[in-house]
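So the structure is just underneath, and the comments pick up after that.
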Amino acid sequence: MPTTKVKEEITSKIKSGELTMKPKWYFVVGTALLFQGTLGAILLGIFVSNLCFYHLRNYGPFGYLFLGREGFSPFLETFPWKLLIVAGLSLIVGYKLLKKYEFSYSKHSVYLFLILMASILIAGLLTDLAGFNERVRHNRFLNPVYSERFLGHDWMMGEIRQKTNDGFILETPQGDLVQIKVNKQTVSPHGNQFDEGRRVRLVGAFYKDASRSGDFFEAKAAGLDEGMRWRRYQVKGAMTHKPQRLLLVK
Amino acid sequence: MANAKALSDEALVELIIKDDQELFAEIVTRYQDKLERYITRLGSSKEQSQDIVQDTFIKSYKNLRSFNPKFKFSSWIYRIAHNEAVNLFKKESKYQKFSFSDWLSEVLPSSSNVEEEVGNKIDLEQLKKKLDKLDLKYKEVLILYYLEEKKYAEISKILKIPTSTVGIRLKRAKKQFKKLCQPQR
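If you want it as structure tokens, here you go:
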């Protein structure tokens with residue numbers, strides 16, 4: 008197609024109004040939306056990675072792996088898989104939006120991704136360390152995000168409140184009190200000094216005790232102290248929580 | 023119109039946006055042949071490249087208000103043309119083959135540079151066949167640098183890659199091209 012023909016065609020389309028320029032506001036709105044989208048994705052990434060750190064600190068899921076084969080199931084239950092996936096997706100979306108900016112192509116894609124990931128992780132960690140989660144977890148909008156449990160069907164964690172003849176009374180961070188039985192078969196890789204005030208994670212099973220008024224938990228394995236760094240709970244009725252299979256100390 | 027010819031691309035674009043949209047015809051005059059040549063070298067037929075160039079001008083006119091006059095207009099319009107061409111190639115998966123017969127009839131201004139660089143005596147027909155075998159990402163930097171005579175910074179803006187990556191790809195492109203040009207034993 009000779010130059011003159013293309014020129015004529017384009018010029019006639021411009022003259023007739025068939026070909027028009029997009030208005031300036033179109034690009035301004037586009038830029039604003041891009042900025043908001045990028046910022047939103049990054050902030051979501053920071054918040055969710057902060058939640059990951061919070062969960063890892065509270066539950067210390069890797070500690071269950073030291074308790075043998077039985078520890079694998081509570082590890083899977085307490086590890087923040089869904090949060091990690093959401094954080095990963097936010098990172099990817101944030102990265103793709105960031106690539107739309109002119110400055111981004113002058114940086115290697117891999118470096119840009121790594122810098123973004125490091126920034127989100129560091130910001131998430133600092134947010135958790137600053138106590139942000141403890142301050143907002145009772146907020147009714149964020150409450151569903153912070154729904155926690157320290158008690159599963161075959162595992163639990165808490166602090167030792169009182170020693171008994173055949174074990175101890177455990178209190179979970181949410182206030183559940185459970186009678187724990189330990190015996191010679193109980194695996195305890197970190198020692199078996201079950202003193203009052205110490206934090207412990209347990210794997211085992213609930214049983215009914217005919218001689219008592221409730222259930223007890225027989226511990227197959229117990230891990231002391233490590234990896235469980237929840238801060239003291241102040242449950243002031245903001246979270247609804249039903250105690251499960253408790254034997255309340257009389 | 024005489025005034026328009028004396029203006030830089032960036033000044034002309036500003037005038038088009040503020041005042042006289044029909045001056046866009048001058049942009050078409052300046053860039054049609056260059057863009058057609060570039061797109062043909064990338065891997066399309068002459069007919070396809072003409073369509074792509076027309077689409078490029080239409081797209082660039084529609085989005086003219088998004089152009090930032092701090093940057094070079096030629097990088098901006100080359101980028102649009104490049105993206106249009108690559109999108110078409112992806113749809114048709116035809117970027118490996120193209121008709122060079124029309125291209126051969128034009129004298130490649132820098133083909134002697136390419137030959138000097140690879141250090142081999144090859145005729146243009148052979149050059150076309152060898153160029154065809156390169157990966158698109160190497161072919162495009164080779165074409166932009168040697169045949170379109172663009173600088174690293176501009177190639178970086180057109181292809182949206184870091185300047186260092188332009189250098190790396192050019193080095194690899196020349197290496198690959200040299201290998202292809204070596205006689206088969």
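Each protein sequence line maps, in turn, to chains U and F.
Basically this note's numbering = 1-based index in the first sequence + 7.
Basically this note's numbering = 1-based index in the second sequence + 22.
Ideal placement from N, C-alpha and C gives every residue a C-beta, glycine not left out.
Source: prediction; values computed, not measured.
Next item on the list: Look at the Cβ atom of M28 (chain U), then the Cβ atom of K84 (chain F), and state whether they are nearer than 8 angstroms.
Entry: Counting from 1 along the first sequence, the entry for residue 28 (chain U) is found at position 21. Counting from 1 along the second sequence, the entry for residue 84 (chain F) is found at position 62. Yes, the Cβ-Cβ distance between M28 (chain U) and K84 (chain F) is below 8 angstroms.
Note to self: Using only the alpha-carbon positions, how far apart do S121 (chain F) and R194 (chain F) sit?
What the structure shows: Here residue 121 (chain F) corresponds to residue number 99 of the second sequence, with the count starting at 1. Here residue 194 (chain F) corresponds to residue number 172 of the second sequence, with the count starting at 1. For S121 (chain F), the pLDDT reaches just 43, beneath the cut-off of 50, and the residue's location in the model is therefore unreliable, leaving the point undetermined.
Item checked: Neighbouring residues, chain F, relative to F34 (chain U) (Cβ below 7 angstroms) -> Here residue 34 (chain U) refers to the residue found at position 27 of the first sequence. Against chain F, a Cβ distance below 7 angstroms from F34 (chain U) picks out R87 and S88.
Check: Along the segment 62-94 of chain F, what residues have a CB closer than 9 angstroms to any CB found in chain U?
Finding: Using a CB distance below 9 angstroms, the part of the segment 62-94 of chain F facing chain U consists of E69, Q72, D73, V75, Q76, F79, I80, Y83, K84, N85, L86, R87, S88, N90 and F93, ordered along the chain.
Item checked: Reference E162 (chain F), options F:Q204, F:S186, F:K200 and F:H104, closest by Cα -> As a working mapping, residue 162 (chain F) is identified with position 140 in the second sequence. It is F:H104.
Checklist line | Cβ of V50 (chain F) within 8 angstroms of any chain U Cβ | finding: The residue you call residue 50 (chain F) lines up with position 28 of the second sequence. So, interface residue.
Next item on the list: Note down, in chain order, each residue of its chain lying with its Cβ closer than 8 angstroms to the Cβ of K152 (chain F), except the 5 sequence neighbours on either side.
Entry: Translated into positions along the second sequence, residue 152 (chain F) becomes position 130. Closer than 8 angstroms at the Cβ level, and outside the excluded window around K152 (chain F), lie I144, F199, L202 and C203.
Notebook entry, point to check: Does the segment 84-103 of chain U touch the segment 48-67 of chain U, meaning 3 or more C-beta pairs lie closer than 8 angstroms?
Noted result: With the rule of 3 Cβ pairs closer than 8 angstroms, the segment 48-67 of chain U counts as touching the segment 84-103 of chain U.
Check: Mind pulling the chain F residues with CB within less than 8 angstroms of V13 (chain U)?
Finding: To locate residue 13 (chain U), count along the first sequence from 1; it is residue 6. Within 8 angstroms of the CB of V13 (chain U), the CB atoms of chain F belong to V50, Q54, Q72, V75, Q76 and F79, in sequence order along the chain.
Note to self: Run through the DSSP bridge pairs and tell me what A212 (chain U) is partnered with.
What the structure shows: The count along the first sequence starts at 1 and reaches residue 212 (chain U) at position 205. According to DSSP, which records beta bridges pairwise, A212 (chain U) is partnered with U:E225.
Next item on the list: Count the CB pairs spanning the segment 30-47 of chain U and the segment 113-129 of chain U that are closer than 8 angstroms, and state whether there are at least three.
Entry: With a cut-off of 8 angstroms, the segment 113-129 of chain U and the segment 30-47 of chain U do not count as touching, because too few Cβ pairs lie within range.
Next item on the list: Tell whether a beta-carbon distance below 8 angstroms holds between L110 (chain F) and V35 (chain F).
Entry: For this step, residue 110 (chain F) is matched to residue 88 along the second sequence. For this step, residue 35 (chain F) is matched to residue 13 along the second sequence. Going by beta carbons, L110 (chain F) and V35 (chain F) fall outside the 8 angstroms limit.
Next item on the list: Take S71 (chain F) and list the residues in its own chain whose beta-carbon comes closer than 7 angstroms to its own, dropping the five residues that flank it on each side.
Entry: Counted from its first residue, the second sequence places residue 71 (chain F) at position 49. So the qualifying residues of the chain are E58, I61 and T62.
Item checked: Proximity test, Cβ basis, 8 angstroms: I21 (chain U) and chain F -> Taking the first sequence and counting its residues from 1, one reaches residue 21 (chain U) at position 14. Interface residue, yes.
Notebook entry, point to check: In terms of residues, what are the limits of the alpha helix (DSSP H) holding W88 (chain U)?
Noted result: Your numbering for residue 88 (chain U) matches position 81 in the first sequence. From DSSP, the alpha helix (DSSP H) with W88 (chain U) extends over W88 to L105.
Note to self: Quick check: the Cα distance between D135 (chain U) and E141 (chain U), rounded to an integer number of angstroms?
What the structure shows: Taking the first residue of the first sequence as 1, we reach residue 135 (chain U) at position 128. Taking the first residue of the first sequence as 1, we reach residue 141 (chain U) at position 134. Distance between the alpha carbons of D135 (chain U) and E141 (chain U): 9 angstroms.
Item checked: Residues bridged to V194 (chain U) (per DSSP) -> As a working note, residue 194 (chain U) is residue 187 in the first sequence. V194 (chain U) is bridged to U:A228.
Notebook entry, point to check: chain F partners of K107 (chain U), CB-CB under 8 angstroms?
Noted result: As a position in the first sequence, residue 107 (chain U) is number 100, starting the count at 1. Ordered by position in chain F, no residue passes the 8 angstroms Cβ test against K107 (chain U), which lies about 10 angstroms from the chain.
Checklist line | Spatial neighbours of L45 (chain F) in its chain, beta-carbon cut-off 7 angstroms, leaving aside the 5 residues before and after | finding: Residue mapping note: residue 45 (chain F) aligns to position 23 of the second sequence, counting from 1. Same-chain partners within the cutoff: A26, L34, L37 and I38.
Check: To the nearest angstrom, how far is it from the Cα of D157 (chain F) to the Cα of F110 (chain U)?
Finding: Position 135 of the second sequence, counted from the first residue, corresponds to residue 157 (chain F). Position 103 of the first sequence, counted from the first residue, corresponds to residue 110 (chain U). Distance between D157 (chain F) and F110 (chain U), taken at the CA atoms: about 26 angstroms.
Notebook entry, point to check: Helix, strand or coil: which one does DSSP assign to W237 (chain U)?
Noted result: Looking up residue 237 (chain U) in the first sequence gives position 230. In the structure shown, W237 (chain U) sits in coil (DSSP, three-state: anything other than H, G, I, E or B).
Next item on the list: Give the residues of chain U in contact with Q43 (chain F), contact being defined as C-beta atoms less than 8 angstroms apart.
Entry: On the second sequence, position 21 is the one that residue 43 (chain F) refers to. Within 8 angstroms Cβ-Cβ: I21 and M28.
Check: Okay, do the segment 204-214 of chain U and the segment 151-168 of chain U touch, 3+ Cβ pairs below 8 angstroms being the bar?
Finding: Yes, the segment 204-214 of chain U is in contact with the segment 151-168 of chain U.
Checklist line | Min CB distance I183 (chain F) to chain U below 8 angstroms | finding: Indexing the second sequence from 1 puts residue 183 (chain F) at position 161. Under the 8 angstroms criterion on CB atoms, I183 (chain F) is classed as interfacial with respect to chain U.
Notebook entry, point to check: How many angstroms separate the CA atom of I17 (chain U) from the CA atom of I99 (chain F)?
Noted result: As a first step, residue 17 (chain U) is located in the first sequence; it is residue number 10 there, counting from the start. As a first step, residue 99 (chain F) is located in the second sequence; it is residue number 77 there, counting from the start. When rounded, the separation of the alpha-carbon atoms in I17 (chain U) and I99 (chain F) is 16 angstroms.
Checklist line | Buried versus exposed call for R76 (chain U) [16 or more other C-beta atoms within 10 Å across all chains shown] | finding: Counting from 1 along the first sequence, the entry for residue 76 (chain U) is found at position 69. By the 16-neighbour rule on beta-carbons within 10 angstroms, R76 (chain U) is exposed.
Item checked: Nonlocal neighbours in the same chain, by C-beta distance under 6 angstroms from E84 (chain U), ignoring five residues either side -> On the first sequence, residue 84 (chain U) is found 77 positions in, with the first residue counted as 1. Within the same chain, E84 (chain U) has close Cβ partners G159.
Note to self: Between the alpha carbons of Y168 (chain F) and Q43 (chain F), how many angstroms are there, rounded?
What the structure shows: Counting from one through the second sequence, the residue named residue 168 (chain F) turns up at place 146. Counting from one through the second sequence, the residue named residue 43 (chain F) turns up at place 21. Straight-line measurement puts the Cα of Q43 (chain F) at about 34 angstroms from the Cα of Y168 (chain F).
Note to self: So that I know if they touch, is there some Cβ in chain U lying closer than 8 angstroms to that of E128 (chain F)?
What the structure shows: Translated into the one-based positions of the second sequence, residue 128 (chain F) becomes position 106. Unreliable positioning characterises E128 (chain F) in this predicted model, as indicated by a pLDDT of 44, which lies under 50. The coordinate reading is nonetheless provided below. Residue contact with chain U for E128 (chain F): absent (no Cβ-Cβ distance below 8 angstroms to any residue of chain U).
Next item on the list: Drop a sphere of 10 angstroms on the beta-carbon of F93 (chain F), count the other beta-carbons inside from all chains shown, and report buried for 16 or more, exposed for fewer.
Entry: As a first step, residue 93 (chain F) must be located in the second sequence, where it is residue number 71. The residue is exposed, with fewer than 16 neighbouring Cβ atoms inside 10 Å.
Note to self: Tell me the residue span of the beta strand (DSSP E) that contains F175 (chain U).
What the structure shows: By 1-based counting over the first sequence, the position of residue 175 (chain U) is 168. Run containing F175 (chain U): G174 to E178, per the beta strand (DSSP E) assignment.
Margin query: For Y102 (chain U), would you say it is in contact with chain F, using Cβ-to-Cβ distances shorter than 8 angstroms as the test?
Written below: Reading the first sequence from its first residue, position 95 is the one you call residue 102 (chain U). No Cβ of chain F is located within less than 8 angstroms of the beta carbon of Y102 (chain U).
Check: How about F79 (chain F) and V50 (chain F): are their beta carbons less than 8 angstroms apart?
Finding: As a first step, residue 79 (chain F) is located in the second sequence; it is residue number 57 there, counting from the start. As a first step, residue 50 (chain F) is located in the second sequence; it is residue number 28 there, counting from the start. Taking 8 angstroms as the cut-off, the Cβ atoms of F79 (chain F) and V50 (chain F) count as close.
Check: Relative to the alpha-carbon of V185 (chain U), which residue among U:Q192, U:T193, U:A226 and U:I176 has its alpha-carbon at the smallest distance?
Finding: Here residue 185 (chain U) corresponds to residue number 178 of the first sequence, with the count starting at 1. It is U:I176 whose Cα lies nearest to the Cα of V185 (chain U).
Check: Name the chain F residues whose beta carbon is nearer than 8 angstroms to that of S113 (chain U)?
Finding: Along the first sequence, one-based indexing puts residue 113 (chain U) at 106. Within 8 angstroms Cβ-Cβ: S178, P184 and T185.
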